[in-house]
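Heads up: the sequence shown is residues 3 to 406, going by my numbering.
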Amino acid sequence: MNREDFSILKEQVHGRPLVYLDNAATSQKPQQVLDAIIDAYTHWNSNIHRGVHHLSQVATMHHEEARKAVAAFINAQSSDEIIFTKGTTDSLNALAFSFGEACIHEGDEIIVSGLEHHSNIVPWQMLCERKKAVLKPIPLHEDLSIDLAAFKHLLSTRTKLVSIAHVSNVLGTIQPIEEIIRLAHEQHIPVCIDGAQSVPHLRVDVQSLDCDFLAFSGHKMYGPTGIGVLYGKREWLEKLPPHEGGGEMINHVRWSGTTYNELPYKFEAGTPNFIGSYALQKAVEYMQSIGLEAIENHERELTAYCEAQLQTVEGVQIYAPKQPKAGVISFNIYNAQTLIHPFDIGTLLDQQGIAVRTGHHCAEPLIDTMGVPGTVRVSFGLYNDKNDVDTFIAALQKAIQILK
Ligand code: PMP
Numbered sequence: 003m004n005r006e007d008f009s010i011l012k013e014q015v016h017g018r019p020l021v022y023l024d025n026a027a028t029s030q031k032p033q034q035v036l037d038a039i040i041d042a043y044t045h046w047n048s049n050i051h052r053g054v055h056h057l058s059q060v061a062t063m064h065h066e067e068a069r070k071a072v073a074a075f076i077n078a079q080s081s082d083e084i085i086f087t088k089g090t091t092d093s094l095n096a097l098a099f100s101f102g103e104a105c106i107h108e109g110d111e112i113i114v115s116g117l118e119h120h121s122n123i124v125p126w127q128m129l130c131e132r133k134k135a136v137l138k139p140i141p142l143h144e145d146l147s148i149d150l151a152a153f154k155h156l157l158s159t160r161t162k163l164v165s166i167a168h169v170s171n172v173l174g175t176i177q178p179i180e181e182i183i184r185l186a187h188e189q190h191i192p193v194c195i196d197g198a199q200s201v202p203h204l205r206v207d208v209q210s211l212d213c214d215f216l217a218f219s220g221h222k223m224y225g226p227t228g229i230g231v232l233y234g235k236r237e238w239l240e241k242l243p244p245h246e247g248g249g250e251m252i253n254h255v256r257w258s259g260t261t262y263n264e265l266p267y268k269f270e271a272g273t274p275n276f277i278g279s280y281a282l283q284k285a286v287e288y289m290q291s292i293g294l295e296a297i298e299n300h301e302r303e304l305t306a307y308c309e310a311q312l313q314t315v316e317g318v319q320i321y322a323p324k325q326p327k328a329g330v331i332s333f334n335i336y337n338a339q340t341l342i343h344p345f346d347i348g349t350l351l352d353q354q355g356i357a358v359r360t361g362h363h364c365a366e367p368l369i370d371t372m373g374v375p376g377t378v379r380v381s382f383g384l385y386n387d388k389n390d391v392d393t394f395i396a397a398l399q400k401a402i403q404i405l406k
């Protein structure tokens with residue numbers, strides 16, 4: 003799909019045509035996004051919000067238009083609910099600090115799942131340490147799906163927040179977040195969704211999901227690095243204190259004290275990444291021009307095709323096979339009973355021009371549960387096709403022959 007918009011896909015790696023299957027780590031950028039960045043710096047770069055002069059007003063207009071575009075993309079009720087951050091990690095840290103200050107006290111509990119990325123574990127651990135609160139992971143079934151019965155048991159009057167990945171960055175599995183949100187809300191507990199791996203691949207509608215917070219990164223959805231989003235329901239964002247102080251987030255500063263700005267500026271201290279927000283808008287428009295359903299269908303088909311092809315490889319173990327997935331597959335290769343180290347597979351694939359990721363994928367608790375040193379992960383973007391899969395499978399067979 004639309005490969006011609008991504009010049010980087012024409013690169014050679016070690017003398018071979020690049021096959022880029024590391025989209026869960028970061029996606030490539032279409033020409034439309036690259037052009038937008040050049041255009042912004044060439045024609046209207048200027049600091050936003052403070053200037054009476056023309057360029058500043060143009061830059062401000064673009065930043066606020068981007069906010070509206072992102073709000074519409076995830077169907078937020080208002081663009082005031084969109085806070086621009088550096089990315090998912092930054093969004094989750096901001097929330098952990100702010101929510102923690104306002105709502106977490108000694109003995110309170112926060113629930114995550116057993117398959118979270120470190121970004122959705124460590125900020126909550128740090129908060130729990132600060133506040134003497136307790137972080138509780140939902141256990142997983144043997145097939146690595148979330149144990150919903152155990153989740154129900156974890157929920158109590160002590161639970162103050164549930165924070166959960168929509169799509170696992172290791173397994174690609176789509177989590178039952180609708181059910182998790184419903185169960186938490188029955189007990190008036192807010193839910194934060196880590197959308198880093200879902201927003202680039204699935205239609206995410208915050209109003210129909212009814213999630214309280216959503217975090218995601220621009221660079222995984224064809225936008226630039228250094229820009230991301232924290233969505234929060236207005237009633238929550240109004241209640242929460244700012245997580246950082248500085249310019250822009252204030253109303254008035256006096257020696258006697260400071261009053262804070264209105265939403266969303268209260269949470270955007272300092273000069274925001276206004277070039278990034280503009281480029282993110284272009285990425286959103288790019289995805290919309292193809293259609294979220296078309297992207298989702300294409301990637302689902304490709305994932306199923308790749309999983310079927312992988313099943314034919316001798317000694318393969320695919321993790322969470324056949325569960326609904328969004329563009330990610332993790333596997334290992336065994337030679338008789340012995341695991342071939344994923345790093346060795348990754349290195350030999352790289353020599354053949356294939357970019358995959360190996361290791362713990364920043365989800366060590368999940369990898370520990372799986373009882374392996376890591377996995378090989380292939381992950382798709384809208385521009386990947388069956389040729390990429392065929393090239394990858396042939397290269398994998400070659401790697402296995404060498405390593406056996
Ligand atoms: N959560 C998940 C599920 C992820 O896959 C990632 C990125 N690998 C993150 C959080 C962190 O995203 P970022 O590095 O863009 O902040």
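Ideal Cβ placement from N, Cα and C applies to all residues, glycine included.
{"Query": "Cβ pair count under 8 Å reaching 3, the segment 255 to 273 against the segment 54 to 64", "Result": "no"}
{"Query": "Beta-carbon proximity list for Asn47, same chain, < 8 Å, skipping 5 on both sides", "Result": "Leu57, Ala61, Ile277"}
{"Query": "Sheet register partners of Glu111 (DSSP bridge)", "Result": "Val136, Thr161"}
{"Query": "Of the residues Val391, Ser381, Asp390, the one placed nearest Asn25, counting alpha carbons only", "Result": "Ser381"}
{"Query": "Cβ contact check for the segment 223 to 243 and the segment 116 to 133: 3 or more pairs under 8 Å", "Result": "no"}
{"Query": "Which residues DSSP lists as bridging Asn275, in chain order", "Result": "Answer is none; Asn275 lacks a bridge partner."}
{"Query": "C-beta atoms of Ile183 and Asp207 nearer than 7 Å", "Result": "no"}
{"Query": "Backbone CA spacing between Leu239 and Gly373 [nearest angstrom]", "Result": "40 Å"}
{"Query": "From Ser219, Thr273, Asp346, Pro367, residue whose alpha carbon lies closest to that of Arg359", "Result": "Asp346"}
{"Query": "Residue(s) in a DSSP beta bridge with Arg256", "Result": "Gly259"}
{"Query": "DSSP state of Pro1 mapped onto helix, strand, coil", "Result": "Look at the range of the chain in this structure, 3 to 406, and you will see that residue 1 is not part of it."}
{"Query": "Close-in-space but distant-in-sequence residues of the same chain around Phe8 (CB under 7 Å, 5 per side omitted)", "Result": "Gln30, Pro32, Tyr385"}
{"Query": "Proximal residues to Ile39 (C-beta, below 7 Å), its chain only, five neighbours per side dropped", "Result": "Pro226, Ile277, Ala281"}
{"Query": "Residues surrounding the ligand PMP [beta-carbon distance to nearest heavy atom under 5 Å]", "Result": "Gly89, Thr90, Thr91, His119, Ser121, Ala167, Asn171, Asp196, Ala198, Gln199, Ser219"}
{"Query": "Beta-bridge partners of Asn337, as assigned by DSSP", "Result": "Thr340"}
{"Query": "Identity of the residues DSSP links to Val378 by a beta bridge", "Result": "Phe333, Thr360"}
{"Query": "Cβ separation of Ala328 and Ser121, assumed to be a contact under 8 Å, to the nearest whole Å", "Result": "Not confirmed; about 18 Å, so no contact."}
{"Query": "For Val231, three-class secondary structure by DSSP", "Result": "strand"}
{"Query": "Residue interval of the alpha helix (DSSP H) (run including Ile191)", "Result": "First-last for Ile191: undefined, no H or E at that position."}
{"Query": "Nearest-angstrom Cα separation, counted from His143 out to Pro19", "Result": "40 Å"}
{"Query": "Three-way DSSP call (helix, strand, coil) for Phe218 in this model", "Result": "strand"}
{"Query": "Residue interval of the alpha helix (DSSP H) (run including Val206)", "Result": "Unbroken run through Val206: none, as it is neither H nor E."}
{"Query": "Contacts around Tyr262, its chain only, beta-carbon distance under 7 Å, and the 5 residues preceding and following it disregarded", "Result": "Pro244, Met251, Ile252, Asn253, Lys268"}
{"Query": "Collapsed DSSP secondary structure at Lys327 in the structure displayed", "Result": "strand"}
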